[in-house]
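K.L.:
Structure provided below as structure tokens; questions to follow.
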Amino acid sequence: MERREEQPGAAGAGAAPALDFTVENVEKALHQLYYDPNIENKNLAQKWLMQAQVSPQAWHFSWQLLQPDKVPEIQYFGASALHIKISRYWSDIPTDQYESLKAQLFTQITRFASGSKIVLTRLCVALASLALSMMPDAWPCAVADMVRLFQAEDSPVDGQGRCLALLELLTVLPEEFQTSRLPQYRKGLVRTSLAVECGAVFPLLEQLLQQPSSPSCVRQKVLKCFSSWVQLEVPLQDCEALIQAAFAALQDSELFDSSVEAIVNAISQPDAQRYVNTLLKLIPLVLGLQEQLRQAVQNGDMETSHGICRIAVALGENHSRALLDQVEHWQSFLALVNMIMFCTGIPGHYPVNETTSSQTHSTLLPDTKKKKKKKKKK
Numbered sequence: 278m279e280r281r282e283e284q285p286g287a288a289g290a291g292a293a294p295a296l297d298f299t300v301e302n303v304e305k306a307l308h309q310l311y312y313d314p315n316i317e318n319k320n321l322a323q324k325w326l327m328q329a330q331v332s333p334q335a336w337h338f339s340w341q342l343l344q345p346d347k348v349p350e351i352q353y354f355g356a357s358a359l360h361i362k363i364s365r366y367w368s369d370i371p372t373d374q375y376e377s378l379k380a381q382l383f384t385q386i387t388r389f390a391s392g393s394k395i396v397l398t399r400l401c402v403a404l405a406s407l408a409l410s411m412m413p414d415a416w417p418c419a420v421a422d423m424v425r426l427f428q429a430e431d432s433p434v435d436g437q438g439r440c441l442a443l444l445e446l447l448t449v450l451p452e453e454f455q456t457s458r459l460p461q462y463r464k465g466l467v468r469t470s471l472a473v474e475c476g477a478v479f480p481l482l483e484q485l486l487q488q489p490s491s492p493s494c495v496r497q498k499v500l501k502c503f504s505s506w507v508q509l510e511v512p513l514q515d516c517e518a519l520i521q522a523a524f525a526a527l528q529d530s531e532l533f534d535s536s537v538e539a540i541v542n543a544i545s546q547p548d549a550q551r552y553v554n555t556l557l558k559l560i561p562l563v564l565g566l567q568e569q570l571r572q573a574v575q576n577g578d579m580e581t582s583h584g585i586c587r588i589a590v591a592l593g594e595n596h597s598r599a600l601l602d603q604v605e606h607w608q609s610f611l612a613l614v615n616m617i618m619f620c621t622g623i624p625g626h627y628p629v630n631e632t633t634s635s636q637t638h639s640t641l642l643p644d645t646k647k648k649k650k651k652k653k654k655k
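Those letters in the sequence shown? Residues 278 to 655, by my numbering.
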């Protein structure tokens with residue numbers, strides 16, 4: 278397509294008056310952005326679209342771009358525009374419109390539960406941003422309400438679709454909190470509210486993960502959701518059952534990577550060292566992976582051996598001081614150290630060696646020696 282005077286991006290070049298931010302012009306600009314071979318035209322379209330997203334008209338055209346007859350690229354832009362308006366211009370929204378905006382987003386998420394996944398994710402991020410802005414006063418039980426609404430039997434979407442949509446929403450909620458532009462005083466309030474809402478999330482995740490009838494795709498999402506929530510520094514004892522379920526899921530090759538990530542994230546939280554009793558319960562679970570580790574090394578399965586070593590190293594490296602204080606459990610801790618030593622001897626290549634190298638062991642041993650010296654002085 279040749280560069281034309283009426284193209285959406287031309288307004289910034291002074292060649293033509295600025296175009297209105299209408300549905301038609303947005304669609305033309307998106308077509309130009311995706312399909313115009315001219316780089317300059319693409320750049321002009323992108324700049325114009327960025328202006329459109331933050332314009333007051335975005336509240337109008339965003340919903341129209343989400344219509345079923347639009348292609349996913351256009352729907353995605355509509356969902357992204359909604360997220361930008363909610364996350365950056367929340368103060369512009371009248372309080373009497375909060376509930377209708379919430380209801381519209383729920384409706385769209387339900388519809389896209391069986392549609393484009395990239396659009397579904399953006400809509401979930403938009404609703405997550407809205408929830409964070411309303412919590413705790415305007416929407417005190419946001420997470421519990423989300424769970425209840427998506428579990429409603431009268432939904433036109435099938436059970437698995439609703440379940441996956443809910444898990445996506447619950448996954449992006451903590452992630453959106455981490456990157457949100459909330460004022461510092463608001464962040465503290467919302468973090469406290471989210472910590473309370475764990476009571477509505479973790480039992481559901483535990484049930485779905487341990488339920489034999491749960492398909493692999495659901496259990497994958499459960500583990501990713503759990504991994505997202507533990508980064509809110511949830512008390513380790515509150516997610517003990519889920520961590521144990523994640524250890525059990527390590528035996529499933531399809532769930533292995535997600536399980537490793539969830540376990541490592543959970544036990545690597547700085548606050549985790551306060552919960553020594555829970556940490557002590559995890560040592561036998563880690564030691565119980567030794568046979569699986571040996572088999573993986575013997576079979577040259579680097580992914581499995583690397584994953585198990587990550588778990589052992591995370592527990593030993595992050596909590597060596599706390600565990601060493603438990604003198605009556607020194608044999609278990611010594612077995613963990615030996616397991617980490619075994620990990621350092623596994624042949625491999627970067628970046629596998631980098632994270633399971635002798636460096637990890639060297640950071641663990643000096644800590645051990647320091648503790649022993651202190652005890653001798655006493």
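Quick reminder that beta carbons are idealized off the backbone N, C-alpha and C, glycines included.
#1: Tell me whether the beta-carbon of Ser339 lies closer than 9 Å to the beta-carbon of Ala358.
#2: Cα separation between Ala335 and Ala403?
#3: What separation, rounded to the nearest whole angstrom, lies between the Cα atoms of Gln374 and Leu482?
#4: Measure from the alpha carbon of Glu445 to the alpha carbon of each residue in Ser364, Phe427 and Pro512, then state which is nearest.
#5: Let me know the secondary structure DSSP gives Tyr552 once reduced to three states.
#6: In angstroms with no decimal places, state the Cα-to-Cα distance between Gly593 and Ile617.
#7: When DSSP labels each residue in this structure, what does Ile617 get in the three-state scheme?
#8: Between Ile585 and Leu570, how many whole angstroms is the CB-CB distance? I'm expecting something under 8 Å.
#9: Let me know the secondary structure DSSP gives Ser324 once reduced to three states.
#10: Check whether the Cβ atoms of Gln497 and Glu531 lie closer than 9 Å to each other.
#11: Closer than 8 Å is the cut-off here; do at least three beta carbon pairs connect the stretch 497-506 with the stretch 550-559?
#12: Which value, in whole angstroms, describes the spacing of the CA atoms of Gln323 and Gly438?
#13: Output needed for Pro628: all residues of its chain with C-beta closer than 7 Å, excluding positions within five of it in sequence on either side, in chain order.
#14: Considering Cα atoms alone, identify which of Pro349, Thr372, Leu409 and Pro624 is closest to His360.
#15: Helix, strand or coil for Gly565? Go by DSSP, reduced to three states.
#16: For His626 and Ile588, I'd like the C-alpha separation in whole angstroms.
#17: Identify every run of the beta strand (DSSP E) within the stretch 473-533, keeping only runs that are complete inside it and at least 3 residues long; order them along the chain.
#18: Leaving out the 5 sequence neighbours to the left and right, which residues in its chain are closer than 6 Å to His596 when beta-carbon positions are compared?
#19: What are the boundary residues of the alpha helix (DSSP H) that includes Gln374?
#20: Please report the distance separating the alpha-carbon of Gln521 from that of Asn542.
#21: Going by DSSP in three states, Thr299 sits in which element: helix, strand or coil?
#22: To the nearest angstrom, report how far apart Gly476 and Val420 are at their CA atoms.
#23: From Trp367 to Gly355, what does the alpha carbon distance come to, in whole angstroms?
#24: Is Gln341 near the ligand FAD, judged by its Cβ being under 8 Å from some heavy atom?
#25: Could you tell me the boundaries of the alpha helix (DSSP H) in which His596 lies?
#26: Between which two residues does the alpha helix (DSSP H) holding Trp340 run?
#27: What does the alpha-carbon distance come out to for the pair Val507 and Ser536?
#28: On a Cα-Cα basis, can you pick out the residue from Thr448, Leu513 and Ala518 that is closest to Val495?
#29: Can you have a look at Ser490 and say buried or exposed, based on whether 16 or more other CB atoms are within 10 angstroms of its CB?
#30: Which one of Ala329, Cys440, Pro480 and Asp297 has the shortest CA to CA distance from Asp515?
#31: Using CA atoms only, rank isn't needed, just tell me which of Glu304, Ser470, Gln328 and His606 is closest to Phe454.
#32: Among Val473, Ala442, Lys394 and Leu459, whose alpha-carbon lies nearest the alpha-carbon of Pro417?
#33: Can you name the start and end residues of the alpha helix (DSSP H) that Val396 belongs to?
#34: Taking Cβ to Cβ, would you say Leu564 is nearer than 9 Å to Ala599?
#35: Helix, strand or coil: how does DSSP classify Ser609 here?
#36: For Leu441 and Leu486, I'd like the C-alpha separation in whole angstroms.
P.N.:
Taking the geometry as given:
#1: On the sequence shown, residue 339 is found 62 positions in, with the first residue counted as 1. On the sequence shown, residue 358 is found 81 positions in, with the first residue counted as 1. Cβ atoms of Ser339 and Ala358: closer than 9 Å.
#2: Here residue 335 is taken as the residue at index 58 of the sequence shown, counted from 1. Here residue 403 is taken as the residue at index 126 of the sequence shown, counted from 1. Taking the straight line from one Cα to the other gives about 14 Å.
#3: Taking the first residue of the sequence shown as position 1, residue 374 is located at position 97. Taking the first residue of the sequence shown as position 1, residue 482 is located at position 205. Between Gln374 and Leu482, the C-alpha separation is close to 32 Å.
#4: Locating residue 445 in the sequence shown gives position 168, counting from the first residue. Here the closest residue by C-alpha is Phe427.
#5: Counting from 1 along the sequence shown, the entry for residue 552 is found at position 275. Reduced to three states, the DSSP call for Tyr552 is coil.
#6: Here the question's residue 593 lines up with position 316 in the sequence shown. Here the question's residue 617 lines up with position 340 in the sequence shown. Going by the C-alpha atoms only, they are around 8 Å apart.
#7: The residue you call residue 617 lines up with position 340 of the sequence shown. Of the three classes helix, strand and coil, the one that applies to Ile617 here is helix, per DSSP.
#8: If you number the sequence shown from 1, residue 585 lands on position 308. If you number the sequence shown from 1, residue 570 lands on position 293. The pair is a contact, with the Cβ atoms about 5 Å apart (cut-off 8 Å).
#9: To locate residue 324, count along the sequence shown from 1; it is residue 47. Here the sequence assigns Lys to residue 324, which means Ser is not the residue at that position. Helix, per DSSP.
#10: If you number the sequence shown from 1, residue 497 lands on position 220. If you number the sequence shown from 1, residue 531 lands on position 254. A Cβ-Cβ contact shorter than 9 Å links Gln497 with Glu531.
#11: Contact check between the stretch 497-506 and the stretch 550-559: fewer than three CB pairs, one atom from each, fall below 8 Å, which does not count as touching.
#12: The residue labelled residue 323 in the question sits at position 46 within the sequence shown. The residue labelled residue 438 in the question sits at position 161 within the sequence shown. About 33 Å.
#13: Residue 628 sits at position 351 when you count from the first residue of the sequence shown. For Pro628, the pLDDT reaches just 49, beneath the cut-off of 50, and the residue's location in the model is therefore unreliable, although a value from the coordinates is still provided. Correct list: empty, nothing qualifies.
#14: Translated into positions along the sequence shown, residue 360 becomes position 83. In terms of Cα proximity to His360, the closest of Pro349, Thr372, Leu409 and Pro624 is Leu409.
#15: Mapped onto the sequence shown, residue 565 falls at position 288. In the structure shown, Gly565 sits in coil (DSSP, three-state: anything other than H, G, I, E or B).
#16: On the sequence shown, residue 626 is found 349 positions in, with the first residue counted as 1. On the sequence shown, residue 588 is found 311 positions in, with the first residue counted as 1. Any answer about His626 is weak, because its pLDDT of 47 lies below 50 and its placement is not dependable; what the coordinates show is given next. Looking at the backbone, the Cα of His626 and that of Ile588 are separated by about 19 Å.
#17: Annotation: the stretch 473-533 contains no complete segment of the beta strand (DSSP E) (minimum length 3 residues).
#18: Here residue 596 is taken as the residue at index 319 of the sequence shown, counted from 1. Around His596: Gln550 and Leu556.
#19: Position 97 of the sequence shown, counted from the first residue, corresponds to residue 374. Here Gln374 belongs to no alpha helix (DSSP H), and DSSP marks it neither H nor E.
#20: Here residue 521 is taken as the residue at index 244 of the sequence shown, counted from 1. Here residue 542 is taken as the residue at index 265 of the sequence shown, counted from 1. Those two C-alpha atoms are separated by around 14 Å.
#21: Working through the sequence shown from its first residue, we reach residue 299 at position 22. The answer is coil: DSSP assigns Thr299 none of H, G, I, E or B.
#22: Taking the sequence shown and counting its residues from 1, one reaches residue 476 at position 199. Taking the sequence shown and counting its residues from 1, one reaches residue 420 at position 143. If you take the alpha carbons of Gly476 and Val420, they lie about 9 Å apart.
#23: Within the sequence shown, numbered from 1, the residue matching residue 367 stands at position 90. Within the sequence shown, numbered from 1, the residue matching residue 355 stands at position 78. So the alpha carbons of these two residues sit roughly 17 Å apart.
#24: No copy of the ligand FAD appears in this structure; indeed no ligand is present at all.
#25: Numbered from 1 along the sequence shown, position 319 holds the residue referred to as residue 596. Looking at the DSSP string, the run of the alpha helix (DSSP H) that includes His596 is Met579 to Leu601.
#26: Counted from its first residue, the sequence shown places residue 340 at position 63. Its alpha helix (DSSP H) spans residues Ala335 to Leu342.
#27: The sequence position of residue 507 within the sequence shown is 230, counting from 1. The sequence position of residue 536 within the sequence shown is 259, counting from 1. One alpha carbon belongs to Val507, the other to Ser536, and they sit about 13 Å apart.
#28: Residue 495 sits at position 218 when you count from the first residue of the sequence shown. With distances taken between Cα atoms, Val495 lies closest to Thr448.
#29: Here residue 490 refers to the residue found at position 213 when the sequence shown is read from its first residue. Counting every other CB atom within 10 Å of its CB across the protein chains shown gives Ser490 a total below 16, marking it as exposed.
#30: As a position in the sequence shown, residue 515 is number 238, starting the count at 1. Nearest C-alpha to Asp515: Pro480.
#31: Position 177 of the sequence shown, counting from 1, holds the residue named residue 454. Closest option to Phe454, judged by alpha-carbon separation, among Glu304, Ser470, Gln328 and His606: Ser470.
#32: Start at 1 with the first residue of the sequence shown, and residue 417 comes out as number 140. Here the closest residue by C-alpha is Val473.
#33: Taking the first residue of the sequence shown as position 1, residue 396 is located at position 119. Start and end: Lys394 to Met411.
#34: Walking along the sequence shown from the start, residue 564 turns up at place 287. Walking along the sequence shown from the start, residue 599 turns up at place 322. No; because the gap between Cβ atoms is not below 9 Å, this pair is not in contact.
#35: As a working note, residue 609 is residue 332 in the sequence shown. If DSSP states are grouped into helix, strand and coil, Ser609 belongs with the helices.
#36: For the purposes of this step, residue 441 is identified with residue 164 of the sequence shown, where counting begins at 1. For the purposes of this step, residue 486 is identified with residue 209 of the sequence shown, where counting begins at 1. Distance between the alpha carbons of Leu441 and Leu486 is about 13 Å.
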